[in-house]
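J.: Before anything else, here's the structure in question.
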Amino acid sequence: MNWMQTVRMAFKSILNNKVRSILTMLGIIIGVASVIAIVASIQGTSKLQRLQYEAMGVNRIDIYGYGAKNRDWQEFEDYMTNDLSDKIAAWSPQSQYYDWQNSGIQYRAKRLDNNDSNSGYTYMYFGNEHYGEVTSHALSAGRDISAADCRTRARVCVIGETLRKYFFGAMSPIGQKLQIGGKGFEVIGVYAGKYDGKLNTDDQMIVMPYTLQSTMMSVYGMADRQYIVKAAEKDVIAELTDELLPGFMQGRCEAGNGYFSASSDSQWQEQSESSNNMLALLGGGVAGISLLVGGIGIMNIMLVSVTERTREIGIRMAIGARKRDIIGQFLVEASVVSCCGGVIGIVLGCFLSAVLGNLLLAKTQNSYMPTVEQFTVLPSAGLVIGAFLFSALLGIIFGLYPANKASNLQPVDALRTQ
Amino acid sequence: MWERKAQTPDTERRAELLIDVQRMSKIYNEGRENEVRALDDISLQVSWGEFLCILGQSGSGKSTLMNILGCLDIPTYGSYHLNGQPVSDMKPSVLSGIRNREIGFIFQGFNLIPALTALENVELPLIYRGMPREERRRLAQEALVSVGLEKRMDHRPGEMSGGQQQRVAIARAVAAKPPIIMADEPTGNLDSASGLDIMRKLTALNEQGTSIILITHDNHLAQMAKRIVTIQDGRIISDTKGGSV
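Going line by line, the protein sequences match chains A and B. The opening position of the first sequence corresponds to residue 28 in the working numbering, with each subsequent residue numbered one higher. The opening position of the second sequence corresponds to residue 63 in the working numbering, with each subsequent residue numbered one higher.
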């Protein structure tokens, strides 16, 4: 007898006992669904956090400093450009301001005030031609600030998606003049909302050439030195933040009450990822126990089925079924039940993780993180395949004993049963 | 692992005797107080093409004899050769193969699988033989047509009368054209008209060359066989020619 025939027979016998088969599957269904929902939700949280970190800049190092001379900072910049070129992909100054004097931003008659309760603060950043790269911003229109803009102190700016919508709506912003702090700036580019707008990061922003910082100082006041550095790869982040960068600036910021710091979120990221993995293992393990209980349920029903069908087994043996044919029949039946349960459980689990997972996410949103819209938690392919294989394995393991029991029946005795 | 080589009934290779039983005994609980000698030192030879009836009252040991002749059970002592093959000391899996290839069974209680249709029941032994789908379907349909059930192929046993069910069982027994058919009280659960119909079918099969072994307690029915072996208390007490019908 071949496999296809055995599987067809198994399906037939399952369809003959629909209610019982579904009740038997229920244990597997619940087990698989809960494993998938729990693990997928935790993995989803983890993935979301990673997206949030990456939205702020991949391999990003933040540098703050105060108390060093301009000449020291100039040497620091040269050091990064010349000596660390293999460890640093790009860097940009980032001086961050918000409009605390409420001088406003204006396009023609339309004005955005910081004390307008409907809008949040608009942040101004002063950066160089690498600003978009180090902060993982992609242009949706126009161009980035160029090195030439910085050199010539051009009065240009790149605006975020939120401001584009507010001021320009359907019309093209490129080439339009914005009044910022009473000075005119030409809009040369727009940064897209991140991750197709799913991650609603700080899009209410304006980026200007860093050489204009002194021009705007009358509006916004002095600020500490800040840089954003994009490390060439994850592995060199610790070396940069712990040794090289502070090593170079050591002593230069120490005069008076100066300070220097270089920090990265990457350690945080790794920690939270590993704790999430632990949580997924734990939750998945607990749900796995219910899967085990489901497997025992299958064994129980298969044993009942063997007893009920003793006569059928006798008939099959009388007309030529061998021991292994009978074992095959019951094993395949148990596996088909558990695999069907597995498939239904997977569908249910995907549904649960999409619904419950996102409710959970909404509750655990970190207020320091950018908020997220329309992020859907779905189990990974590996998780789905793993759950299916495990339920198939359960069917085989828990089908073995009943199948063996059936095959050990003596044909004469089995035929005598009524 | 579940593959079995397709084999056509090996009716070409014939030993001299179809059945050769020498000094066979079947003893239950041997050596204990409740020892039962179901069969006691039986010797029996059956040639090809015979229509043999084993006649005996309930408890005479005829069912035990039928189970052993049908390779469903093994004797305690003695030897049994079926078509020249020594059956007494074969492994269960080999016995399954012999039952599948050499013997067609017809039981008193029909013994059809209730969940399967008539056609599927008839196909079952062919499936275990590993026959390809089209071929076994054709053979099964032919067998059902030959017992006059061409309109009942998709019916389940529960939807048929006793006579029809027993005809399905006959179709199942003959589908693979085995050299020997064993019928254990085939008319026991049927009214006399249906019973007569079944007996006619068996007689016709015998005329086509199939060896038949009929087990019954009914002296009248036994007269339809060519040879009658009467068994009592586990021993053969007579071996006579039957009245031809």
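Here a beta-carbon is modelled for each residue, glycine too, at the ideal position from N, C-alpha and C.
Does GLY347/A have its Cβ less than 8 Å from a Cβ in chain B?
T.: yes
J.: Put ALA77/B into one of helix, strand or coil per three-state DSSP.
T.: Under the three-state reduction of DSSP output, ALA77/B falls in the coil class, being neither helix nor strand.
J.: Please check the pair LEU442/A and GLY341/A, which I expect to be a contact at CB under 8 Å, by giving their CB distance rounded to whole angstroms.
T.: Under the criterion of beta carbons closer than 8 Å, LEU442/A and GLY341/A qualify as touching, at roughly 4 Å.
J.: Just to make sure I have the definition right: I need the residues of chain A whose C-beta is within less than 7 Å of the C-beta of ARG229/B. Which are they?
T.: Near ARG229/B there are no residues of chain A at all, since even the closest Cβ is about 16 Å away, more than 7 Å.
J.: With 8 Å as the threshold, decide whether the Cβ of VAL439/A is near any Cβ in chain B.
T.: yes
J.: Let me know if MET244/B comes out buried or exposed under the rule of 16 or more other beta-carbons within 10 Å of its beta-carbon.
T.: buried
J.: Check the Cβ of ASP262/A against every Cβ in chain B and list those closer than 9 Å, keeping chain order.
T.: Neighbours of ASP262/A on chain B: none; closest Cβ ~50 Å, over 9 Å.
J.: Report yes if the C-beta distance between TYR428/A and MET326/A is below 8 Å; otherwise report no.
T.: It is a contact, given that the beta carbons lie within the stated cut-off.
J.: Drop a sphere of 10 angstroms on the beta-carbon of HIS157/A, count the other beta-carbons inside from all chains shown, and report buried for 16 or more, exposed for fewer.
T.: buried
J.: Among residues of its own chain, excluding the 5 on either side of THR149/A, which ones have a beta-carbon nearer than 8 Å to its beta-carbon?
T.: TYR125, ASP126, ILE132, LEU139, ASN141, LEU190, GLN231, MET232, ILE233
J.: When you compare the CB of TYR142/B with every CB in chain A, is at least one pair closer than 8 Å?
T.: For TYR142/B, the nearest beta carbon of chain A is not closer than 8 Å to its own beta carbon.
J.: Identify the residues that DSSP records as bridge partners of GLY347/A: which are they?
T.: Answer by DSSP bridge pairing: none, since GLY347/A is not bridged.
J.: Tell me the rounded alpha-carbon separation between ASN162/B and GLU97/B.
T.: Roughly 32 Å between the two C-alpha positions.
J.: Which two residues bound the contiguous beta strand (DSSP E) that contains PHE194/A?
T.: Not the beta strand (DSSP E): PHE194/A falls in the alpha helix (DSSP H), residues 188-195.
J.: Under 7 Å Cβ-Cβ, which residues of chain B neighbour GLU81/A?
T.: Within 7 Å Cβ-Cβ: nothing; GLU81/A doesn't reach chain B, min ~51 Å.
J.: Out of GLY111/B, LEU276/B, GLN285/B, which has the shortest C-alpha to C-alpha gap to PHE169/B?
T.: LEU276/B
J.: Quick one: does ASN43/A have its CB under 8 Å from some CB of chain B?
T.: yes
J.: With 8 Å as the C-beta to C-beta threshold (strictly closer), list the residues of the stretch 145-170 of chain B near chain A in chain order.
T.: PRO154, SER155, SER158, GLY159, ARG161, ASN162, ARG163, PHE167, PHE169
J.: Sorted by chain position, which residues of the same chain lie with C-beta nearer than 6 Å to ARG198/B's C-beta, five sequence neighbours on each side aside?
T.: GLU185, LEU188
J.: What would DSSP say about HIS282/B, mapped onto helix, strand or coil?
T.: Collapsing the DSSP output to three states places HIS282/B in a helix.
J.: For ALA414/A, does the count of other Cβ atoms within 10 angstroms reach 16, so buried, or fall short, so exposed?
T.: buried
J.: Out of GLY71/A, PRO438/A, SER130/A, which has the shortest C-alpha to C-alpha gap to SER245/A?
T.: For the residues GLY71/A, PRO438/A, SER130/A, the minimum Cα distance to SER245/A belongs to SER130/A.
J.: Out of GLY376/A, MET31/A, SER40/A, point me to the one whose CA is closest to ALA67/A's CA.
T.: GLY376/A
J.: Would you identify the three-state DSSP class for ILE90/A, choosing helix, strand or coil?
T.: Three-state result, ILE90/A: strand.
J.: Between ASP102/B and LYS88/B, what straight-line distance do the alpha-carbon atoms span, to the nearest angstrom?
T.: 7 Å
J.: Answer yes or no: the CB of ALA175/A versus the heavy atoms of the ligand HEM, is any distance below 7 Å?
T.: Among the components modelled here there is no ligand, and therefore nothing to report on the ligand HEM.
J.: Give the DSSP-derived three-state secondary structure of MET46/B in the structure shown.
T.: With chain B represented from 63 up to 307, any question about residue 46/B goes unanswered, as that position is not in the structure.
J.: Spatial neighbours of ASP82/B within its chain, please: C-beta separation below 7 Å, excluding the five flanking residues on both sides.
T.: GLN107, HIS143
J.: Could you pull out every unbroken beta strand (DSSP E) segment of at least 3 residues lying fully inside the stretch 238-309 of chain A, listed in chain order?
T.: 252-258, 286-291
J.: Can you check DSSP and say which residues form a bridge with SER73/A?
T.: Partner(s): none; SER73/A has no beta bridge.
J.: Determine the closest residue to TYR80/A out of ALA408/A, GLY315/A, SER299/A, with distance taken between C-alpha atoms.
T.: SER299/A
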